[in-house]
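Just add 189 to wherever you are in the sequence shown, counting from 1, and you've got this note's numbering.
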Amino acid sequence: MNERNATYVLDTSALLTLIEDEAGADEVQHILESAISGNAEIVVSFMSFMEVFYITLQERDMEEAHARVHLMKSLPVTRVESTASLGTAAAGLKAKHRISVADAWIAALALERNAVLIHKDPEFEQTEDEIESFKLPYKER
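As structure tokens, this is what we get:
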């Protein structure tokens, strides 16, 4: 999976996998190390920053939510904000697939950057004909 000069999008689920040291955290860490060594670029949607914050706020507290966002800002990733072209791509994906609005924005980023989407979210399976993805181990229910 880890090709030289590849571009990756870390979904919220991949970030939480790393933060919570779940199964697949080693794969995420390997991608981050590739970015540090200059062999990969990692981009993260503004939506993932919001999702990590609100999920942590629901499950833990404000202090932990801020700490996790601070950690994300320290990673070798580029935060990508909303643009008109991303909004159009996200709307197209949302219209075509049964995915959340946040996932549509994240998938649109992968589509626009021709990047590999790193995730553990079954919703993204619907977009595999358009977006290359790498599935981390799904959580057992």
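Beta carbons are placed, not taken as given, at the ideal position from N, Cα and C, and that holds for glycine. The model shown is predicted, which means the values in this text are computed figures rather than measured ones.
Open item on the list: Using a Cβ distance threshold of 8 Å, determine whether the stretch 217-225 contacts the stretch 276-286, with at least three qualifying pairs required.
Closed with: no
Open item on the list: Classify D200: buried if its beta carbon has 16 or more other beta carbons within 10 angstroms, exposed otherwise.
Closed with: buried
- [ ] With DSSP collapsed to three states, give me the class of T288.
- [x] Strictly speaking, residue 288 in this sequence is Ile, with Thr absent from that position. Residue state, collapsed to three classes: coil.
Task: Euclidean distance between Cα positions of E211 and A284 - done: Each residue's Cα considered, the two are about 32 Å apart.
Open item on the list: For F238, tell me which candidate among A304, L260, R249 and E252 has the shortest Cα-Cα distance.
Closed with: L260
TODO: Could you have a look at A304 and say whether DSSP puts it in helix, strand or coil?
DONE: coil
Open item on the list: I believe F235 touches E270 by the beta-carbon criterion, under 8 Å. Please report the beta-carbon distance rounded to the nearest angstrom.
Closed with: 5 Å
TODO: Tell me L199's beta-bridge partners as DSSP assigns them.
DONE: L199 pairs with I307.
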